[in-house]
Amino acid sequence: MEKQMEAKDAPEKVGVDTQTFVCANCGGVIMYDIGSEKFRCASCKAESNIESLSEAVLEYDFSQYAEREKNSIAFEGLAVVHCQNCGCEITFEESQIATTCPMCSSTQVAAVKQAGGIPPEGIVPFKIDKISAGQKFKEWVKSRWFAPNDFKKKCGEGSLKGMYLPFWTYDATAIAAYTGKGGNRRTEKDSEGRTKTVTDWTFTSGVVSKSFDDVQICATEKEKDIQGVMPFNTVGSTKPFATSYLSGFHAELYTIKADKAFEVAKKIMENELRSLAEQDIRRRYDTAQVSTLNTKHSNVTYKHLLLPIWASVFGYKGKTYNYFVNGETGVVDGSRPYSVPKIARAIIIGIIIIGVLLFVI
Numbered sequence: 613m614e615k616q617m618e619a620k621d622a623p624e625k626v627g628v629d630t631q632t633f634v635c636a637n638c639g640g641v642i643m644y645d646i647g648s649e650k651f652r653c654a655s656c657k658a659e660s661n662i663e664s665l666s667e668a669v670l671e672y673d674f675s676q677y678a679e680r681e682k683n684s685i686a687f688e689g690l691a692v693v694h695c696q697n698c699g700c701e702i703t704f705e706e707s708q709i710a711t712t713c714p715m716c717s718s719t720q721v722a723a724v725k726q727a728g729g730i731p732p733e734g735i736v737p738f739k740i741d742k743i744s745a746g747q748k749f750k751e752w753v754k755s756r757w758f759a760p761n762d763f764k765k766k767c768g769e770g771s772l773k774g775m776y777l778p779f780w781t782y783d784a785t786a787i788a789a790y791t792g793k794g795g796n797r798r799t800e801k802d803s804e805g806r807t808k809t810v811t812d813w814t815f816t817s818g819v820v821s822k823s824f825d826d827v828q829i830c831a832t833e834k835e836k837d838i839q840g841v842m843p844f845n846t847v848g849s850t851k852p853f854a855t856s857y858l859s860g861f862h863a864e865l866y867t868i869k870a871d872k873a874f875e876v877a878k879k880i881m882e883n884e885l886r887s888l889a890e891q892d893i894r895r896r897y898d899t900a901q902v903s904t905l906n907t908k909h910s911n912v913t914y915k916h917l918l919l920p921i922w923a924s925v926f927g928y929k930g931k932t933y934n935y936f937v938n939g940e941t942g943v944v945d946g947s948r949p950y951s952v953p954k955i956a957r958a959i960i961i962g963i964i965i966i967g968v969l970l971f972v973i
């Protein structure tokens, strides 16, 4: 994302003040309305202008991360509960009593003291409401050919919960020196006169580079679970953080720090650089193999974002299944059971079709 301010000039945040905003018209609570993408009073529906904590979404020099982590508190004024089942830490308003985990529905939750943490710099607000998310999930289930029929009827009973998940995003310039082999194909005849294809390999090397913008890394252990609903449009949809966006939703605290998450981001960058290296070799040869990459990163900046997810958990024949809906794009993914009879029928039908084709041929 384009930097709004040089990292060295960016103001330090000690913490986010999670105040509640009230309607000037009736005194009701101001909440974010997904349908209109505006702030409205929950009681009288009057629109309200809420100022964000900053006028721009800032990015910070990664070399100064450790100092910010040590001196910050992510959410001041919010209670935090730790789920002993799935390990997540969720924010609640201090007036709320948390009895279940909104991520896995476990009752094994306990209040904990909020540890230090970097406040969110920006947020991608929900664009998909609860009803639309439920409809998209039903469509997704119907498209699962090998799901049991009774599962398709029962899975809609799960209760969707809106969550903001913490992410780190990174900008960086990466330059990689590579070594590898380029191959040119040719045909020749063997001793028996049969034509075969041979590849002549040649050692090659070069340098590739790329400027990365908003490499997204989920900052909780749910990173693998939500890969199927990513990415988010953080470049075009991120707003400066305002606590009113959290009204009616929970926000999970990050458990993976930015330095550890950057190691994951570097692997993503390296995969793209490897692909660029292969393309570079193919400009000169028919095929390519990359042997080594020596990558250097510069101008690395980061920020902490909250991104929207609808989540639900439901039981089927003694097992628990989770599914997620991207709160911005509506993309659905999750775990589900498989019908053994359906799979067996598909295999039998496939064998019959192959047998008929072989008989005809």
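Everything in the sequence shown is counted per my numbering, starting at 613 for the first residue and increasing by one. Ideal Cβ placement from N, Cα and C applies to all residues, glycine included.
Considering only the alpha carbon of each residue, which of the options lies closest to residue i?
i, options, result
"Glu701", "Leu919, Val876, Ile963 and Thr867", "Thr867"
"Cys830", "Lys869, Cys638, Ser684 and Arg886", "Lys869"
"Trp813", "Trp752, Asp837 and Arg896", "Arg896"
"Val641", "Phe824, Ile921 and Thr855", "Thr855"
"Gly946", "Ser660, Ser755, Asp673 and Phe738", "Ser755"
"Asn697", "Cys638, Asn637, Glu833 and Thr913", "Glu833"
"Val937", "Gly639, Asn911 and Asp837", "Asp837"
"Asn911", "Asp783, Thr932, Tyr644 and Glu659", "Asp783"
"Tyr776", "Pro920, Met881 and Gly860", "Pro920"
"Glu667", "Thr811, Ile730 and Thr850", "Thr850"
"Leu885", "Val902, Asp871 and Gly795", "Val902"
"Trp752", "Lys801, Gly860 and Val841", "Val841"
"Thr907", "Phe926, Arg680 and Ile880", "Ile880"
"Gly848", "Leu858, Glu835, Asp826 and Ser859", "Asp826"
"Ile730", "Gln747, Lys748, Asn683 and Gly746", "Asn683"
"Glu890", "Gly967, Lys793, Gly927 and Ser803", "Lys793"
"Phe861", "Trp922, Phe844 and Thr899", "Trp922"
"Val736", "Cys638, Gly647, Gln747 and Tyr857", "Tyr857"
"Val819", "Ile787, Glu804 and Cys713", "Ile787"
"Met899", "Lys931, Val925 and Arg797", "In the sequence as displayed, the identity of residue 899 is Thr instead of Met. Thr899 has its Cα closest to that of Arg797, out of Lys931, Val925 and Arg797."
"Lys748", "Tyr935, Phe844, Ala789 and Lys929", "Tyr935"
"Thr811", "Cys653, Phe651, Ile646 and Gly795", "Gly795"
"His909", "Ala789, Glu804, Gly930 and Ser803", "Ala789"
"Leu670", "Lys915, Ile966, Lys657 and Pro843", "Lys915"
"Cys656", "Cys713, Lys929, Asn637 and Ser887", "Asn637"
With residue i as the anchor, note down where its beta strand (DSSP E) starts and where it stops.
i, result
"Val937", "Lys931 to Asn938"
"Leu917", "Thr899 to Tyr928"
"Val827", "Thr807 to Cys830"
Hey, residue i and residue j are a contact pair by Cβ (cut 8 Å); roughly how many whole angstroms apart?
i, j, result
"Gly774", "Lys742", "7 Å"
"Gly734", "Phe853", "6 Å"
"Leu918", "Thr846", "No, Leu918 and Thr846 are not in contact; Cβ-Cβ is about 11 Å, not under 8 Å."
"Ser821", "Thr791", "Not confirmed; about 16 Å, so no contact."
"Cys942", "Ser744", "A quick correction: the sequence has Gly, not Cys, at residue 942. Indeed, because the Cβ distance is near 7 Å, the residues count as touching under 8 Å."
"Thr781", "Gln839", "Incorrect: roughly 16 Å between the Cβ atoms, too far for contact."
"Thr913", "Tyr672", "6 Å"
"Thr807", "Lys801", "6 Å"
"Ser660", "Cys635", "6 Å"
"Lys739", "Gly962", "At roughly 41 Å, the Cβ-Cβ gap does not stay under 8 Å, so Lys739 and Gly962 are not in contact."
"Pro778", "Glu864", "6 Å"
At which residues does the alpha helix (DSSP H) containing residue i begin and terminate?
i, result
"Val944", "Not the alpha helix (DSSP H): Val944 falls in the beta strand (DSSP E), residues Val944 to Gly946."
"Asp892", "Ala870 to Arg894"
"Ala678", "Tyr677 to Asn683"
Could you tell me which residues DSSP pairs with residue i in its beta bridges?
i, result
"Asp783", "Thr913"
"Asp645", "Lys650"
"Gly794", "Thr814 and Ala900"
"Thr975", "Nothing about residue 975 can be read from this structure; the chain reaches only from 613 to 973."
"Val753", "Bridge partners of Val753: none, in fact."
"Tyr776", "Ala863 and Pro920"
"Glu804", "Glu804 pairs with nothing; no bridge assigned."
"Ile735", "Lys851 and Leu918"
"Asp673", "Thr913"
"Glu833", "Per DSSP, none; premise fails for Glu833."
"Val841", "For Val841, which the question treats as bridged, DSSP gives no partner whatsoever."
Helix, strand or coil for residue i, going by three-state DSSP, please let me know.
i, result
"Gly848", "helix"
"Ile966", "helix"
"Ala789", "strand"
"Glu667", "coil"
"Gln708", "No answer about Gln708 holds up, because its pLDDT of 49 lies below 50 and its placement is not dependable."
"Lys657", "coil"
"Arg957", "helix"
Please decide whether residue i counts as near chain D, where near means a Cβ-Cβ distance under 8 Å.
i, result
"Tyr935", "Checking the listed chains, one finds no chain D in this structure; it contains a single protein chain."
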